[in-house]
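**Q** Those protein sequence lines, which keep their order, are chains A and B.
Here the first sequence is numbered in our numbering, starting from 1 and rising by one per residue.
Here the second sequence is numbered in our numbering, starting from 1 and rising by one per residue.
Backbone N, C-alpha and C define an ideal beta-carbon position, used for all residues, glycine too.
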Amino acid sequence: MAYGPGITWGDVGKRLPVRAAAALAGAILCLGLSAGGATAQEAPPRHTVPVDSMVFETPPPPFRDPDIFPCSQCHNADMPPNLQRRQLVDMHDDIVLKHDEEHRWCLDCHDAQNRDRLHLANGTLIPFEQSYKLCGQCHGDKYRDWRAGVHGRRTGEWNGKKQYLLCVHCHYSHEPKFKGLKPLAPPIPPGRKP
Amino acid sequence: MSESISRRKFLCIAAGCAAAASVAGCSDITHTSFFRHNFRDMTPDELKKIIADLEREHSATFGKQVLVGVDPPMDGVSFAYALDISRCIGCRRCVYGCVGENNQSRDPQIQWIRVLEMNKEKGIDFQEANPYYDAEEVPRPGHFYLPMACQQCENPACVKSCPVGATWREKDGIVVVDYDWCLGCRCCLSACPYGARRFNWGKPTLPAEEMNPDTHYLGNRPRPKGVVEKCTFCIQRTRRGKYPKCVEVCPTGSRKFGNILDPESEIRYILEHKRVVVLKNELNTHPRFYYFF
Ligand code: SF4
Ligand code: SF4
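Here it is as structure tokens:
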């Protein structure tokens with residue numbers, strides 16, 4: 001995997017002192033990048049990592065099919081998880097991942113053991129209502145602005161209670177690029193009738 | 001204010017002559033819009049009577065309960081606005097959100113917000129800007145969008161140009177117009193370097209079912225023909241703590257609003273962390289409208 005011009009992870013490991021390399025590996029894990037060249041570490045036990053204490057009130061997550069949740073309706077004991085990275089064909093084949101799809105797939109965000117939850121790179125399970133924590137692992141600058149009320153739409157009171165939206169209300173998680181819109185009518189130039 | 005007294009006296013005399021034989025004496029017609037005092041000179045009693053008259057009149061015209069508020073500026077509050085030009089896609093949702101909220105005339109068309117389409121290669125260049133763009137989908141490649149409305153200048157050229165003091169800057173930073181004091185001379189229109197003011201050349205039309213009955217005296221109450229109007233940061237909403245309408249309708253979340261004196265506000269975060277520009281900085285108008293990216 002290339003890192004900057006002409007440097008690969010192998011090179012970085014060779015050139016850096018041990019502590020720096022360890023820190024780097026940690027950073028990779030934290031950032032949730034695919035752990036291609038990093039040493040495969042034991043994931044910390046679930047539920048032991050303290051969750052970021054900031055919780056934001058948002059409307060419910062926008063599931064495309066309202067009946068699809070909870071996922072455990074189908075993903076239950078009768079369906080052992082298949083951890084093999086693959087192209088889905090039987091179900092969910094309508095989802096085309098256009099979100100760093102070269103490096104990631106379903107189970108990087110969805111939890112294999114508990115399908116009704118997402119998981120962070122460190123293994124922490126989070127409900128779909130807090131998906132912003134998941135997005136924030138890679139998009140830290142946007143997460144910071146969003147928490148401050150600067151990224152994303154706010155409604156409510158400038159000096160009081162505000163309603164936040166989840167990242168996924170505007171950016172469909174599997175294809176997050178904001179879609180263009182048809183503009184409303186242009187103004188009528190002076191002297192012309194509508 | 002000697003100016004207001006002399007105008008009022010003069011008009012009373014003039015009207016008195018014209019209506020000498022009619023039933024209405026001068027004291028009975030002082031509350032019609034022509035004889036109202038400047039908003040800043042009204043006594044509380046006078047204001048109360050005028051509000052009652054206005055509410056009755058507008059409620060009858062539009063067939064619903066219309067309220068005319070006079071909420072004063074809040075203590076320790078000075079408003080500012082910020083717009084993310086790297087996010088705005090030029091969809092004009094803000095324009096029509098504003099028209100509806102602020103009771104702007106549909107025909108002749110009045111729109112306080114104007115979205116300018118600019119060429120990415122040219123940067124912010126008003127010579128190249130196009131407000132009339134239309135497309136199947138925005139943003140159009142190679143373009144960016146810069147919505148413009150009143151910049152609520154700290155040093156407003158419009159206020160200085162008004163010969164009768166019908167427009168002024170309030171303590172919370174909102175530049176307002178007293179529609180009953182405005183002469184319609186349009187000095188402010190030509191003085192404003194941002195093209196932010198609109199003139200009611202014809203009698204404004206406003207469909208009753210679309211009329212927003214929650215109004216403010218210095219904001220979105222229905223205007224007569226022949227007066228100037230402009231953005232007031234949604235004075236009827238923001239003085240009650242709500243966000244302006246355009247902030248709430250913008251689908252990209254490009255629009256940010258708040259109290260510049262509050263260090264925790266979104267506005268302060270933007271001023272402290274983002275790259276901010278104001279338009280026509282060299283004119284020393286000190287806009288309270290910041291564009292950031
Ligand atoms: S609604 Fe938002 S994105 Fe659309 S033109 Fe206005 S500021 Fe730009
Ligand atoms: S933008 Fe124009 S109308 Fe608004 S305060 Fe400044 S000079 Fe006055």
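If the cut is a Cβ gap below 7 Å, which residues of chain A does Pro73 (chain B) touch?
**A** Stepping through the second sequence from its first residue, residue 73 (chain B) is reached at position 73. Under the 7 Å cutoff, chain A gives no residues; its nearest Cβ is about 13 Å from Pro73 (chain B).
**Q** Count Cβ pairs between the segment 163-176 of chain A and the segment 258-275 of chain B that sit closer than 8 Å; are there 3 or more?
**A** no
**Q** Suppose you measure from the CA of Ile235 (chain B) to the CA of Leu67 (chain B); what does that come to, to the nearest Å?
**A** Locating residue 235 (chain B) in the second sequence gives position 235, counting from the first residue. Locating residue 67 (chain B) in the second sequence gives position 67, counting from the first residue. Distance between the alpha carbons of Ile235 (chain B) and Leu67 (chain B) is about 14 Å.
**Q** Kindly examine ligand 2 and report whether one of its heavy atoms sits closer than 8 Å to the Cβ of Arg227 (chain B).
**A** In the second sequence, counting from the first residue as 1, residue 227 (chain B) sits at position 227. As written in the sequence, residue 227 (chain B) is Val, which differs from the Arg given in the question. Val227 (chain B) Cβ: outside cutoff for every heavy atom of ligand 2.
**Q** Counting contacts by CB-CB distance shorter than 9 Å, is Glu129 (chain A) in contact with chain B?
**A** Translated into positions along the first sequence, residue 129 (chain A) becomes position 129. Answer no: the Cβ-Cβ gap between Glu129 (chain A) and chain B never drops below 9 Å.
**Q** By the DSSP assignment, the beta strand (DSSP E) with Gly69 (chain B) in it spans what residues?
**A** As a working mapping, residue 69 (chain B) is identified with position 69 in the second sequence. Start and end: 67-69.
**Q** Whose CB is closer than 6 Å to a heavy atom of ligand 2? List the residues in chain order.
**A** B:Cys150, B:Gln151, B:Gln152, B:Cys153, B:Pro156, B:Ala157, B:Cys158, B:Val175, B:Cys192, B:Tyr194, B:Ala196, B:Arg197, B:Lys230, B:Thr285
**Q** For chain B, find out if any of its Cβ atoms is closer than 9 Å to the Cβ of Asp178 (chain A); answer yes or no.
**A** Here residue 178 (chain A) corresponds to residue number 178 of the first sequence, with the count starting at 1. According to the sequence shown, residue 178 (chain A) is Phe rather than Asp. It does; some Cβ of chain B falls within 9 Å.
**Q** Thr238 (chain B): buried (16+ other C-beta within 10 angstroms of its C-beta) or exposed?
**A** Residue mapping note: residue 238 (chain B) aligns to position 238 of the second sequence, counting from 1. Burial call: buried.
**Q** One question on the structure: do Arg153 (chain A) and Leu165 (chain A) come within less than 9 Å of each other, judged by their Cβ atoms?
**A** Within the first sequence, the letter at position 153 stands for residue 153 (chain A). Within the first sequence, the letter at position 165 stands for residue 165 (chain A). In this structure, Leu165 (chain A) lies closer than 9 Å to Arg153 (chain A) by Cβ.
**Q** Who are the near neighbours of Cys246 (chain B) in its chain, counting only those whose CB is closer than 7 Å to its CB and skipping five residues on each side?
**A** Translated into positions along the second sequence, residue 246 (chain B) becomes position 246. Closer than 7 Å at Cβ, skipping near neighbours: Cys94, Gly97, Cys98, Ile113, Arg255.
**Q** Where does Leu31 (chain A) land, buried or exposed, given buried means 16+ other C-beta within 10 angstroms?
**A** Walking along the first sequence from the start, residue 31 (chain A) turns up at place 31. Its pLDDT being 44, under 50, Leu31 (chain A) is placed unreliably by the model, and the measurement read from it follows with that caveat. Its Cβ having fewer than 16 others within 10 Å, Leu31 (chain A) is exposed.
**Q** Hey, would you say Ala157 (chain B) sits closer than 9 Å to Lys230 (chain B), going by beta carbons?
**A** Here residue 157 (chain B) refers to the residue found at position 157 when the second sequence is read from its first residue. Here residue 230 (chain B) refers to the residue found at position 230 when the second sequence is read from its first residue. At the C-beta level, Ala157 (chain B) and Lys230 (chain B) stay beyond 9 Å of one another.
**Q** Between Ala166 (chain B) and Trp181 (chain B), which are expected to be in contact by the criterion C-beta below 8 Å, what is the C-beta distance as a whole number of angstroms?
**A** Stepping through the second sequence from its first residue, residue 166 (chain B) is reached at position 166. Stepping through the second sequence from its first residue, residue 181 (chain B) is reached at position 181. So it is a contact: roughly 4 Å between Cβ atoms.
**Q** Assuming Val150 (chain A) contacts Glu272 (chain B) (C-beta within less than 8 Å), just tell me the rounded distance between them.
**A** On the first sequence, residue 150 (chain A) is found 150 positions in, with the first residue counted as 1. On the second sequence, residue 272 (chain B) is found 272 positions in, with the first residue counted as 1. Not really, about 11 Å apart at Cβ, beyond 8 Å.
**Q** Enumerate, from N- to C-terminal direction, the unbroken alpha helix (DSSP H) stretches of 4 or more residues contained entirely within the segment 66-153 of chain B.
**A** 93-101
**Q** Quick one, which of B:Ser78, B:Lys225, B:Leu283 has its alpha-carbon nearest Val175 (chain B)'s?
**A** To locate residue 175 (chain B), count along the second sequence from 1; it is residue 175. Distances from the CA of Val175 (chain B) to each of B:Ser78, B:Lys225, B:Leu283 were compared; the closest alpha carbon is that of B:Ser78.
**Q** Who are the neighbours of Lys256 (chain B) on chain A, taking C-beta pairs under 7 Å?
**A** On the second sequence, residue 256 (chain B) is found 256 positions in, with the first residue counted as 1. Result: Val150.
**Q** Secondary structure at Gly184 (chain B), three-state DSSP: helix, strand or coil?
**A** The residue given as residue 184 (chain B) occupies position 184 in the second sequence. Gly184 (chain B) falls in the coil class under three-state DSSP.
**Q** When you compare only the Cα positions, how much space is there between Leu83 (chain A) and Val89 (chain A)?
**A** Within the first sequence, residue 83 (chain A) is the residue found at index 83, counting from 1. Within the first sequence, residue 89 (chain A) is the residue found at index 89, counting from 1. Rounded to the nearest angstrom, the two C-alpha atoms are 15 Å apart.
**Q** What residue does the beta strand (DSSP E) around Gly313 (chain B) start on, and which one ends it?
**A** Look at the range of chain B in this structure, 1 to 293, and you will see that residue 313 (chain B) is not part of it.
**Q** Do you know offhand how far Pro127 (chain A)'s Cα is from Arg56 (chain B)'s?
**A** For this step, residue 127 (chain A) is matched to residue 127 along the first sequence. For this step, residue 56 (chain B) is matched to residue 56 along the second sequence. Roughly 53 Å separates the two Cα atoms.
**Q** Starting from Asp45 (chain B), trace the beta strand (DSSP E) in both directions and tell me its first and last residue.
**A** In the second sequence, counting from the first residue as 1, residue 45 (chain B) sits at position 45. Looking at the DSSP string, Asp45 (chain B) is not in any beta strand (DSSP E); the run it does join, the alpha helix (DSSP H), is 44-62.
**Q** Please tell me whether Lys274 (chain B) has its Cβ less than 9 Å away from any Cβ of chain A.
**A** Walking along the second sequence from the start, residue 274 (chain B) turns up at place 274. Yes, Lys274 (chain B) lies at the interface with chain A (some Cβ there is under 9 Å from its Cβ).
**Q** So which of B:Phe292, B:Lys49, B:Ile89, B:Arg268 has the shortest CA-CA distance to Glu136 (chain B)?
**A** Residue mapping note: residue 136 (chain B) aligns to position 136 of the second sequence, counting from 1. Comparing Cα positions, the closest option is B:Ile89.
**Q** So which residues on chain B does Pro62 (chain A) lean against when the C-beta distance must stay under 9 Å?
**A** Residue numbering aside, residue 62 (chain A) sits at position 62 when the first sequence is read from its first letter. Think of a sphere of 9 Å around the beta carbon of Pro62 (chain A): no beta carbon from chain B falls inside it, the nearest being about 14 Å out.
**Q** Report the neighbours of Glu57 (chain B) on chain A: residues whose CB is nearer than 7 Å to its CB, in chain order.
**A** Walking along the second sequence from the start, residue 57 (chain B) turns up at place 57. Ordered by position in chain A, no residue passes the 7 Å Cβ test against Glu57 (chain B), which lies about 28 Å from the chain.
**Q** Among all the DSSP beta bridges, which residues are the ones paired with Glu229 (chain B)?
**A** Here residue 229 (chain B) is taken as the residue at index 229 of the second sequence, counted from 1. Per DSSP, B:Arg198.
**Q** Round the Cβ separation of Leu181 (chain A) and Cys91 (chain B) to the nearest angstrom and send it over; I've been treating them as touching at under 8 Å.
**A** As a working mapping, residue 181 (chain A) is identified with position 181 in the first sequence. As a working mapping, residue 91 (chain B) is identified with position 91 in the second sequence. Rounded, the Cβ-Cβ distance is 4 Å, consistent with contact.
**Q** Should Ile68 (chain A) be labelled buried (16 or more other beta-carbon atoms within 10 Å of its own) or exposed?
**A** For this step, residue 68 (chain A) is matched to residue 68 along the first sequence. Looking at its Cβ environment, which holds fewer than 16 other Cβ atoms inside 10 Å, Ile68 (chain A) is exposed.
**Q** Select from the segment 133-167 of chain B all residues with a C-beta closer than 7 Å to any C-beta belonging to chain A, and list them in chain order.
**A** Taken in chain order, the members of the segment 133-167 of chain B whose beta-carbon sits within less than 7 Å of a beta-carbon on chain A are Tyr133, Asp134, Ala135, Glu136, Glu137, Val138, Pro139.
**Q** For the alpha helix (DSSP H) holding Trp146 (chain A), just list the boundary residues, first then last.
**A** Start at 1 with the first residue of the first sequence, and residue 146 (chain A) comes out as number 146. Counting along the chain, the alpha helix (DSSP H) containing Trp146 (chain A) begins and ends at 140-147.
**Q** Sort A:His103, A:Gln73, A:Ala77 by Cα distance to Arg85 (chain A) and report the nearest one.
**A** As a position in the first sequence, residue 85 (chain A) is number 85, starting the count at 1. Looking at the Cα atoms, A:His103 is the closest of the given residues.
**Q** Note down, in chain order, all residues in the segment 78-109 of chain B with a beta-carbon under 9 Å from any beta-carbon belonging to chain A.
**A** Phe79, Ala82, Asp84, Arg87, Ile89, Gly90, Cys91, Arg92, Arg93, Val95, Tyr96, Arg106, Asp107, Pro108, Gln109
**Q** Taking C-alpha atoms, which residue in A:Ser72, A:Lys161, A:Asp145 lies nearest to Asn114 (chain A)?
**A** Within the first sequence, numbered from 1, the residue matching residue 114 (chain A) stands at position 114. It is A:Ser72.
**Q** DSSP has Glu157 (chain A) in a bridge; who is on the other side?
**A** The count along the first sequence starts at 1 and reaches residue 157 (chain A) at position 157. According to DSSP, Glu157 (chain A) bridges with B:Lys242.
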